[in-house]
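Worksheet: one structure, shown below.
There are 4 protein chains.
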Amino acid sequence: MVNINNFGIIGGDKRQLYCARSIADDGYGVYLYGFDKCDNTLGIEYMELDAILKQCDAFIMPLPVSKDGKTLNAPFSSETIKIDSNFFTRFDGKPLFVGIKNVIPYSYENIYDYGSREEFAVENAVPTSEGAIEYAMREYEGTINSSRCLVAGYGRIGRILSQMLKGLGADVTVSARKLKDLAFIRSCGMKAVMTSDLGKGYDLIFNTIPEMIFDAHTLAHTACGAIVTDLASLPGGVDFEAAERLNIKAIRALSLPGRVAPRTSGIIIKNAVYNIIKEENL
Amino acid sequence: MVNINNFGIIGGDKRQLYCARSIADDGYGVYLYGFDKCDNTLGIEYMELDAILKQCDAFIMPLPVSKDGKTLNAPFSSETIKIDSNFFTRFDGKPLFVGIKNVIPYSYENIYDYGSREEFAVENAVPTSEGAIEYAMREYEGTINSSRCLVAGYGRIGRILSQMLKGLGADVTVSARKLKDLAFIRSCGMKAVMTSDLGKGYDLIFNTIPEMIFDAHTLAHTACGAIVTDLASLPGGVDFEAAERLNIKAIRALSLPGRVAPRTSGIIIKNAVYNIIKEENL
Amino acid sequence: MVNINNFGIIGGDKRQLYCARSIADDGYGVYLYGFDKCDNTLGIEYMELDAILKQCDAFIMPLPVSKDGKTLNAPFSSETIKIDSNFFTRFDGKPLFVGIKNVIPYSYENIYDYGSREEFAVENAVPTSEGAIEYAMREYEGTINSSRCLVAGYGRIGRILSQMLKGLGADVTVSARKLKDLAFIRSCGMKAVMTSDLGKGYDLIFNTIPEMIFDAHTLAHTACGAIVTDLASLPGGVDFEAAERLNIKAIRALSLPGRVAPRTSGIIIKNAVYNIIKEENL
Amino acid sequence: MVNINNFGIIGGDKRQLYCARSIADDGYGVYLYGFDKCDNTLGIEYMELDAILKQCDAFIMPLPVSKDGKTLNAPFSSETIKIDSNFFTRFDGKPLFVGIKNVIPYSYENIYDYGSREEFAVENAVPTSEGAIEYAMREYEGTINSSRCLVAGYGRIGRILSQMLKGLGADVTVSARKLKDLAFIRSCGMKAVMTSDLGKGYDLIFNTIPEMIFDAHTLAHTACGAIVTDLASLPGGVDFEAAERLNIKAIRALSLPGRVAPRTSGIIIKNAVYNIIKEENL
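Line by line, the protein sequences give chains A, B, C and D.
With the working numbering, the residue at position 146 of the first sequence is 146, and numbering never jumps.
With the working numbering, the residue at position 28 of the second sequence is 28, and numbering never jumps.
With the working numbering, the residue at position 268 of the third sequence is 268, and numbering never jumps.
With the working numbering, the residue at position 204 of the fourth sequence is 204, and numbering never jumps.
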């Protein structure tokens with residue numbers, strides 16, 4: 001990181017603040033823009049746009065960088081910040097790190113998408129899994145310990161979530177489509193079922209598969225008496241209307257990392273940015 | 001359980017409802033008294049006092065059976081139920097199961113205290129530990145996974161809580177006074193410290209020791225930057241005023257089983273009652 | 001499995017016997033050929049070749065089916081069994097299940113290679129990992145519990161072995177090349193290092209990577225004072241000569257499943273055969 | 001440890017050598033007596049009795065200090081060393097640390113029994129448990145992972161062994177007599193049974209209870225098809241004759257720490273000696 005001494009954090013929520021804090025703790029200069037409505041900036045200095053553009057060598061923008069493709073995702077800013085060509089020109093070719101860069105209607109040369117990185121996705125599966133457990137604890141009138149849990153899907157979240165549930169003492173079943181994943185699941189001392197044949201008798205069900213797995217039929221046969229948490233990104237994998245009809249409590253749990261663990265989420269963003277800097281020799 | 005076919009559940013909160021439900025699921029007759037304000041009695045039938053006294057062979061009262069030594073602990077009852085000699089006489093010598101019997105100002109012969117049983121205390125350490133984790137998840141802006149946790153005390157709660165934290169992927173240190181407990185802690189792959197020398201650098205601290213462990217001095221040296229959850233029964237083990245002065249977030253977490261997991265708590269009451277019935281050949 | 005009622009087990013070692021036993025326990029007819037020197041065939045009936053060819057609907061051969069490409073791998077047979085075109089013709093087109101089919105110098109139409117299946121490899125990582133632990137326990141004068149272990153590589157064996165070592169209470173570090181694997185490793189509460197930078201201070205090192213990772217330089221810097229177990233298939237990943245020169249104890253641990261757990265290995269073969277039958281509608 | 005600078009290690013086996021090595025690594029002077037037949041003393045200097053008595057401030061003897069009550073337990077000594085009053089007089093009142101002091105037919109004032117300490121017993125439960133697993137791995141033709149294990153007794157060894165078996169992925173049942181222990185067992189995600197009602201269907205059974213639990217009747221009903229390892233000190237808890245009659249493989253596993261992990265055992269002795277020195281201000 002020979003060429004970057006000062007980072008500008010442009011917009012975003014608490015995660016970006018914690019990201020800023022963690023970079024500052026590593027000894028770099030860090031400055032904020034787009035946080036004027038924020039009471040507590042964790043000790044990080046606020047700057048005007050002109051000043052921060054001049055002061056900093058690289059800039060970190062939020063995940064997603066924009067929600068509408070026109071303005072910066074900056075909930076702590078009192079003003080709307082337009083992300084048009086004019087905006088990007090002012091960064092003068094310095095490196096920009098953003099989450100989900102293809103929502104930006106402008107092609108900036110020196111831009112890096114930390115949100116598309118594999119290790120970023122795996123690291124975020126940790127706060128997602130913990131958030132799912134926190135939500136389930138809140139809703140369920142029993143304990144996770146000794147409850148019968150089904151985790152549908154054995155991708156990043158399925159692997160980490162099932163392991164945490166087991167660590168709390170639950171009786172865990174995990175579903176997968178591939179025989180090799182069923183073998184991995186069993187090697188962990190958990191029960192494995194095919195996703196096409198989920199069984200029943202669960203207290204808590206967590207869906208991690210971004211497909212309509214829990215349609216009316218499957219809900220009726222698998223989820224009666226259970227609480228269903230849908231962790232799959234929209235449109236999700238649970239038929240919420242059918243769940244209501246069947247009197248099955250179903251929770252849509254989206255964007256958990258930022259909600260339940262902004263501090264960890266901010267550090268995960270920092271880690272991804274550092275990894276890019278290393279790989280790209282910035 | 002040859003002589004008991006019908007159980008009367010007299011007063012109490014959601015835990016007693018779940019206790020009732022679970023006994024009914026075992027095939028026994030179960031009836032409620034003191035729940036007239038409750039909307040959803042989980043399908044258990046409500047009775048008037050005269051009827052229930054006649055119908056049932058044994059009665060289960062809440063934990064604690066009374067909060068003031070004069071009236072039944074019955075938050076779902078619209079009337080106050082006095083627990084005077086007159087009240088107890090009406091039970092006609094049939095077995096009564098209560099939590100904390102020595103708050104009752106009357107000596108009934110056939111009374112059993114499920115709340116004083118050792119296995120009851122151990123089983124309740126499970127919802128207590130999960131509740132502590134749920135509270136910590138809510139307050140902490142990071143994840144339990146990879147956080148540095150200190151559990152002060154290695155009694156029932158310390159044993160179960162530390163194991164659950166480790167199961168979530170935390171970096172767990174446990175304190176104890178006895179060398180043999182330190183050895184047990186280490187055998188679990190956790191760090192062990194003497195309670196007299198707690199160290200520092202923790203994100204989350206859980207006190208389980210019913211003594212003033214976290215006084216101002218210890219808070220200042222051990223807990224800076226941490227969230228402290230006090231699980232010890234009153235007067236507790238944390239100086240909350242000092243914590244506020246030192247700007248340390250401290251949470252008093254009492255009566256967790258009933259709050260976070262009434263269903264599990266009700267089943268734990270049932271288990272204890274069944275164990276008494278077996279031991280006493282009722 | 002509509003068309004197969006009787007299985008012939010042709011050649012192999014103890015694993016094939018346990019495979020036979022387990023199939024028989026499922027209710028199928030099972031017969032052995034090539035086991036005449038075996039004292040205890042676990043209650044499975046022995047047959048002559050003509051009889052077994054007539055009696056059975058499908059045949060299972062060992063892993064590897066041949067060691068020299070000319071004769072059947074049949075250590076319990078008193079005669080050499082040639083696997084020439086004549087041999088295969090006698091099977092009359094019935095399904096054959098073999099391990100590593102490309103060592104056979106003949107193209108039989110209805111042949112299936114259970115040894116190349118992914119779930120077979122994952123399931124075998126379990127006995128391999130346990131075997132590695134058994135060998136390490138035997139050689140090491142300390143306990144695995146609280147020892148400092150390095151697992152090089154986070155493939156099938158790395159994942160399962162590291163988890164088992166942690167389950168015994170070891171202080172586990174795992175190496176990987178991909179950042180996403182490092183993230184998975186950390187999510188399990190283990191330390192993660194890049195394979196290019198293994199560190200030092202280990203008591204036990206397990207190599208699972210089929211490349212020369214532990215050359216003289218790495219041995220000298222990483223493995224001094226440690227016991228090194230090489231689990232990678234030949235030519236392996238440890239310079240054994242350098243290890244000897246450096247006075248580092250190094251163990252080559254090959255073909256562990258059959259050695260340490262023939263019963264489990266036999267059941268794993270059965271599972272793979274059943275999976276093929278299901279997929280191919282045999 | 002203000003008054004002790006040099007330790008004499010008098011007799012014993014490999015454990016005492018590792019104890020010596022570990023004390024020397026802490027910076028103390030350490031000398032050996034009674035090891036003249038030993039090829040490799042791990043770099044510790046050998047001395048004659050007169051010299052070592054003069055040189056050292058405290059002495060550590062083995063566990064047990066004597067097997068016959070007359071001579072020192074010194075398998076590496078070419079001479080027999082009598083432990084009569086004459087022998088002890090020569091130590092001149094300096095502190096002696098021994099294992100099982102009541103086998104000594106002489107009352108020495110400044111003698112401490114490290115073998116009777118509670119934390120010593122807990123620490124030794126770790127190598128005992130690992131040794132039991134190593135023996136079971138060697139005998140069993142399946143894997144511990146996914147095997148059905150019964151641990152009889154939930155004392156020191158039961159607690160640690162059951163946890164290790166679970167950590168390897170076994171399906172673990174533990175027996176206890178007290179209801180509160182059954183509750184602890186269940187809280188760990190393991191099955192709990194009363195010791196009086198062990199059930200059946202196990203692959204591996206480990207007895208830790210020093211009473212005749214596995215008599216002919218219990219063996220016949222609980223252990224058919226299983227391998228039974230008896231970890232209880234003599235006379236043990238398994239009827240080995242009945243086991244043979246019933247064709248059940250039974251292993252007597254005694255003195256495991258010294259056999260399977262002399263290094264760890266030596267460090268455990270050191271820890272206990274240090275704890276005594278601290279407590280007694282020696």
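Positions of the beta carbon are idealized from the N, C-alpha and C atoms, including for glycine.
Every value quoted in this text rests on a predicted model; they were computed, and no experiment measured them.
Mapping DSSP to helix, strand and coil, what is residue i?
i                      : result
residue 271 of chain A : helix
residue 35 of chain A  : coil
residue 94 of chain D  : coil
residue 285 of chain A : Because chain A here runs from 1 to 282, residue 285 of chain A falls outside it and cannot be looked at.
residue 253 of chain A : coil
residue 40 of chain C  : coil
residue 87 of chain A  : helix
residue 244 of chain C : helix
residue 110 of chain B : coil
residue 157 of chain D : helix
residue 99 of chain C  : coil
residue 63 of chain B  : coil
residue 82 of chain C  : strand
residue 264 of chain C : helix
residue 74 of chain D  : coil
residue 29 of chain A  : strand
What residue range does the beta strand (DSSP E) around residue i cover?
i                      : result
residue 137 of chain D : It is not in any beta strand (DSSP E) - residue 137 of chain D instead sits in the alpha helix (DSSP H) that spans 118-139.
residue 206 of chain A : 204-207
residue 151 of chain C : 148-152
residue 7 of chain C   : 6-10
Would you tell me roughly how many angstroms separate the C-alpha atoms of residue i and residue j, rounded to the nearest one?
i                      : j                      : result
residue 28 of chain B  : residue 6 of chain B   : 6 Å
residue 14 of chain A  : residue 191 of chain B : 32 Å
residue 201 of chain D : residue 24 of chain A  : 59 Å
residue 51 of chain D  : residue 10 of chain D  : 12 Å
residue 45 of chain B  : residue 30 of chain B  : 7 Å
residue 281 of chain A : residue 154 of chain C : 27 Å
residue 278 of chain C : residue 237 of chain A : 28 Å
residue 90 of chain A  : residue 53 of chain A  : 7 Å
residue 266 of chain A : residue 17 of chain A  : 7 Å
residue 112 of chain B : residue 55 of chain B  : 20 Å
residue 245 of chain C : residue 102 of chain C : 39 Å
residue 231 of chain B : residue 219 of chain B : 16 Å
residue 165 of chain B : residue 205 of chain A : 22 Å
What first and last residue would you give for the alpha helix (DSSP H) that runs through residue i?
i                      : result
residue 260 of chain A : 256-260
residue 177 of chain D : First-last for residue 177 of chain D: undefined, no H or E at that position.
residue 170 of chain A : From DSSP, residue 170 of chain A is part of no alpha helix (DSSP H); its letter is neither H nor E.
residue 25 of chain A  : 14-25
Return yes when the C-beta of residue i is under 6 Å from any heavy atom of the ligand NAP, and no when it is not.
i                     : result
residue 29 of chain A : For the structure depicted, the ligand NAP is absent and the ligand set is empty, with no information on it obtainable.
Decide yes or no for the touch test of the segment 115-135 of chain A against the segment 251-271 of chain A: beta carbon pairs closer than 8 Å, at least 3 of them.
-> yes
Runs of alpha helix (DSSP H) lying entirely within the segment 188-236 of chain B, each at least 4 residues, in chain order = 216-222
Hey, is the segment 251-268 of chain A in contact with the segment 126-134 of chain A, meaning 3+ C-beta pairs nearer than 8 Å?
-> yes
Cβ contact (3+ pairs, closer than 8 Å) linking the segment 197-214 of chain C and the segment 232-252 of chain C = yes
Meets three-Cβ-pair contact criterion under 8 Å: the segment 184-199 of chain C and the segment 132-139 of chain C | no
Is there contact here, the segment 58-69 of chain C with the segment 248-257 of chain B, by at least three beta-carbon pairs under 8 Å?
-> no
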